[in-house]
Amino acid sequence: MSSFEDIPSSETELEILFDGAALHLQTIAASLPQEKLLPLYARYKQSTEGPCNIPRPGFFDFKGKQKWDAWNGLGSLSKTEAMLQYISSLKEVDPDWDENSVSDGPKTSWVRVSTLQQPEGEEVKDEDKNAFDWVKENDVDKLQTLDPEVLEATDENGMNLLHWAADRGHFDITKCLLKHNIDLNSQDNEGQTALHYAASCGHIDVVRILLDHGADKYIQDEDGLQPEECAEDQDVKQLFSS
Numbered sequence: 001m002s003s004f005e006d007i008p009s010s011e012t013e014l015e016i017l018f019d020g021a022a023l024h025l026q027t028i029a030a031s032l033p034q035e036k037l038l039p040l041y042a043r044y045k046q047s048t049e050g051p052c053n054i055p056r057p058g059f060f061d062f063k064g065k066q067k068w069d070a071w072n073g074l075g076s077l078s079k080t081e082a083m084l085q086y087i088s089s090l091k092e093v094d095p096d097w098d099e100n101s102v103s104d105g106p107k108t109s110w111v112r113v114s115t116l117q118q119p120e121g122e123e124v125k126d127e128d129k130n131a132f133d134w135v136k137e138n139d140v141d142k143l144q145t146l147d148p149e150v151l152e153a154t155d156e157n158g159m160n161l162l163h164w165a166a167d168r169g170h171f172d173i174t175k176c177l178l179k180h181n182i183d184l185n186s187q188d189n190e191g192q193t194a195l196h197y198a199a200s201c202g203h204i205d206v207v208r209i210l211l212d213h214g215a216d217k218y219i220q221d222e223d224g225l226q227p228e229e230c231a232e233d234q235d236v237k238q239l240f241s242s
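Be aware that the sequence shown starts at 1, since it is given in full-length UniProt numbering, and climbs by one per residue.
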């Protein structure tokens, strides 16, 4: 699978191309089926964190188990090979992607969060869903009466409900969570806040409401990047200077 025709001549060039591929995937992930996303997810984790180093999720975490199995299945694959396979996989799912358009701009790890959708045939029953499912599904009604403890909960990536609302661009969910006084400056395992997610994904309305409610725009993630530096959209960048 590493028969990538134009293998970069240096590790730095490979990393730049890999980051560009990961950024591009974020723009098309919602249109890709589960079976295409899982290999990409696994190779991203292998490229950035090495071999799978976390316990397998519990029985009822269907999405988590699929992601874990895909990552763990790569064994001791090297990070370099994983990056090459990731780039090749992206070119397979989107042949029109032009790697020559990738710039050597700032690296960001925000794309580590997968936008994998619920696998078909493994739909979680309504009675088994939790607040994270409601946020991802943009179900505002279910969030009207939240247990205060849920507002402090995080998932395996250190993401709270606001992170997910910002990642998906759910404005009404974001507004609801802010009304319940959720910690809008909470950082995930990569040091990123909800503002990092909203800025990275170009969700301008969510960026605006987070800033209006006092989100700290100077918090840096593990790569040393502030939310504005993760943004690609110029209109989003403008919000940070207004």
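Positions of the beta carbon are idealized from the N, C-alpha and C atoms, including for glycine.
Taking C-beta to C-beta, are LYS175 and ILE209 nearer than 8 Å?
-> Translated into positions along the sequence shown, residue 175 becomes position 175. Translated into positions along the sequence shown, residue 209 becomes position 209. A contact, by the Cβ cut-off of 8 Å.
If TYR86 sits next to ALA21, beta carbons under 8 Å apart, how far is it from one beta carbon to the other, in whole angstroms?
-> Taking the sequence shown and counting its residues from 1, one reaches residue 86 at position 86. Taking the sequence shown and counting its residues from 1, one reaches residue 21 at position 21. Confirmed, Cβ separation roughly 6 Å.
Alpha helix (DSSP H) runs wholly inside the UniProt repeat "ANK" (157 to 189), at least 4 long, in chain order = 161 to 168 and 171 to 179
Tell me which same chain residues have a C-beta within less than 8 Å of the C-beta of ASN138, skipping the five on either side of it?
-> Residue 138 sits at position 138 when you count from the first residue of the sequence shown. The answer, listed in chain order, is ARG168, HIS170, ASP172 and ILE173.
From this set, GLU190, SER242 and VAL206, which residue's C-alpha is nearest LEU225's C-alpha?
-> On the sequence shown, position 225 is the one that residue 225 refers to. When each option's Cα is compared against that of LEU225, the closest is GLU190.
Between TRP97, GLY64, LYS63 and TYR44, which lies nearest to ALA82 when the distance is taken from Cα to Cα?
-> Taking the first residue of the sequence shown as 1, we reach residue 82 at position 82. Of the candidates TRP97, GLY64, LYS63 and TYR44, the one whose C-alpha sits nearest the C-alpha of ALA82 is TYR44.
Figure out for me which residue from GLY73, LEU40, THR48 and SER47 has the closest Cα to the Cα of ARG56.
-> Here residue 56 corresponds to residue number 56 of the sequence shown, with the count starting at 1. That would be GLY73, whose Cα lies nearest to the Cα of ARG56.
Thinking GLN46 and TRP71 are a contact (beta carbons under 8 Å), I'd like their distance in whole angstroms, please.
-> For the purposes of this step, residue 46 is taken as the residue at position 46 of the sequence shown. For the purposes of this step, residue 71 is taken as the residue at position 71 of the sequence shown. So it is a contact: roughly 6 Å between Cβ atoms.
Would you mind stating whether ASP183 and ASN157 have Cβ atoms separated by less than 8 Å?
-> Sequence index remark: in the sequence shown, residue 183 carries index 183 (1-based). Sequence index remark: in the sequence shown, residue 157 carries index 157 (1-based). No.
Distance, THR154 Cα to LEU146 Cα = The sequence position of residue 146 within the sequence shown is 146, counting from 1. The sequence position of residue 154 within the sequence shown is 154, counting from 1. Distance between the alpha carbons of LEU146 and THR154: 15 Å.
If we ignore side chains and look at the alpha-carbon of each, how far apart do GLU13 and LEU84 end up?
-> Locating residue 13 in the sequence shown gives position 13, where the first residue counts as 1. Locating residue 84 in the sequence shown gives position 84, where the first residue counts as 1. Each residue's Cα considered, the two are about 12 Å apart.
Euclidean distance between Cα positions of residue 285 and ASP216 = The requested residue 285 does not occur in the structure, where the chain is confined to residues 1 to 242.
When the Cα of residue 244 is compared with those of ALA42, GLN66 and TRP97, which residue comes out closest?
-> This structure cannot settle anything about residue 244, because the visible part of the chain is limited to 1 through 242.
Taking LYS36 as the reference, which of SER89, ASP221 and ASN181 has the closest Cα?
-> Numbered from its first residue, the sequence shown carries residue 36 at position 36. Among SER89, ASP221 and ASN181, the Cα nearest to that of LYS36 is on SER89.
Would you kindly report the start and end of the unbroken alpha helix (DSSP H) that includes THR80?
-> As a first step, residue 80 is located in the sequence shown; it is residue number 80 there, counting from the start. Counting along the chain, the alpha helix (DSSP H) containing THR80 begins and ends at 79 to 93.
Extent of the continuous alpha helix (DSSP H) to which VAL140 belongs | Residue mapping note: residue 140 aligns to position 140 of the sequence shown, counting from 1. Where VAL140 is concerned, there is no enclosing alpha helix (DSSP H), given that its DSSP letter is neither H nor E.
Tell me where the alpha helix (DSSP H) around HIS196 begins and ends.
-> Taking the sequence shown and counting its residues from 1, the one referred to as residue 196 is at position 196. It spans 194 to 201 - the alpha helix (DSSP H) in which HIS196 sits, taken as one unbroken run.
Spatial neighbours of GLU240 within its chain, please: CB distance less than 6 Å, with the 5 preceding and 5 following residues excluded, ordered by chain position.
-> Counted from its first residue, the sequence shown places residue 240 at position 240. According to the sequence as given, residue 240 is Phe; it is not Glu. Excluding positions up to five away in sequence, the list reads LYS217 and GLU228.
Would you identify the three-state DSSP class for PRO57, choosing helix, strand or coil?
-> Translated into positions along the sequence shown, residue 57 becomes position 57. The answer is coil: DSSP assigns PRO57 none of H, G, I, E or B.
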